[in-house]
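These notes concern the structure reproduced below.
Numbering (this note's numbering), first residue to last: 21 to 324.
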């Protein structure tokens, strides 16, 4: 009888431990389960159902511009209405969503902080969130200049008057540029020579030769060098990248796309999300415009 009671007590204790999460083979309570491994991208063309309807309203950060313009014709073949694109720097995108009547159906952004802000605000359907490309960070000059550096840290030795970066809160490029300059110890050494500009367009105007139409003269921009995302440098005439910033100095640059809240089932939305993230031809085009395709961005290994 005594042995029976002991056995029963042991079984009860084991059951309680399992319920409480004390199973040594189980993860501790509160631990997030690891995401299911992502397999290698398919090389088969997508077989998507064609849709029709009004043009999708898409809001995207400017560094995604070249990618989206390259894929516009492909999307129009799949969705008869195509899309209407608006480019908003990261802060402008978040601010615009707060205005009355804001009605994008798809949002495209480039950093984890923006993704979290959109998620917290309930602005996106989280179940539709996809990473579709990546990017690099580079230091650039005008194409006719001959700057060189051995590292981000060594920028302080260059005899430039101004280095331009995008505003760290307002722009995607500035967000990553600030991280890299601080991480490598350059910020405090050169901060007096840094100009932060509120948009990517103004950054490029500051760097490049700008024509003053009022007096018909050509004037140099204020900055001699700048920090840009690699895709922007690759697709901007008159710009030359002279240093690739190591990726361990900043967060990974990943372009993400998601349906705006309430629009996951709109005609064409799921088609656009799949085109960007899954179609092999679309991924090849992204690579040709200076982006990292999804496999490279997410470090997905393809079978040998």
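All C-beta atoms in this analysis are idealised placements derived from N, C-alpha and C, irrespective of residue type, glycine included.
Pick helix, strand or coil for residue i, following the three-state DSSP scheme.
i	result
residue 190	coil
residue 216	strand
residue 8	What is shown of the chain runs 21 to 324, which leaves residue 8 out entirely.
residue 161	strand
residue 320	coil
residue 172	coil
residue 118	coil
residue 143	coil
residue 228	coil
residue 201	helix
residue 178	coil
residue 22	Any reading at residue 22 must be qualified, since the residue scores a pLDDT of 42, below 50, and its modelled position is unreliable; no value is offered.
Let me see if you follow: with CB-CB separation under 9 angstroms, is residue i close to chain C or not?
i	result
residue 136	Chain labels in this structure do not include chain C; a single protein chain is all it has.
Taking buried to mean at least 16 other C-beta atoms within 10 Å of its own C-beta, is residue i buried or exposed?
i	result
residue 268	exposed
residue 221	exposed
residue 204	buried
residue 208	exposed
residue 308	exposed
residue 106	exposed
residue 311	buried
residue 146	exposed
residue 119	exposed
residue 319	exposed
residue 288	buried
residue 47	The predicted model places residue 47 with a pLDDT of 38, which falls under 50 and marks its position as unreliable, so this point remains unresolved.
residue 264	exposed
residue 274	buried
residue 34	Note that residue 34 scores a pLDDT of 41, beneath 50, so its modelled location is shaky; the value from the coordinates is reported in the next line. It counts as exposed.
residue 70	exposed
residue 306	buried
residue 97	exposed
residue 60	Residue placement at residue 60 is poorly supported in this model, since its pLDDT is 49, which falls under 50; the coordinates still yield a value, given next. It counts as exposed.
residue 164	exposed
residue 192	buried
residue 134	buried
Which residue marks the beginning of the alpha helix (DSSP H) containing residue i, and which one marks its end?
i	result
residue 133	132-140
residue 93	85-98
residue 208	207-210
Go to residue i, then tell me how far its beta strand (DSSP E) extends in each direction, as first and last residue.
i	result
residue 289	Premise fails: residue 289 lies in the alpha helix (DSSP H), 289-298, not in any beta strand (DSSP E).
Based on DSSP bridge pairs, tell me the residues matched to residue i.
i	result
residue 79	106, 127
residue 312	154
residue 184	215, 246
residue 71	99
Does the beta carbon of residue i fall short of 8 angstroms from some heavy atom of the ligand SAH?
i	result
residue 101	The model on display carries no ligand, and the ligand SAH is accordingly not part of it.
Could I get the ranges of all uninterrupted alpha helix (DSSP H) runs contained in the segment 243-295, with 4 residues as the minimum, in chain order?
Every alpha helix (DSSP H) stretch that sits fully inside the segment 243-295 and reaches 4 residues is listed by chain position as 250-254.
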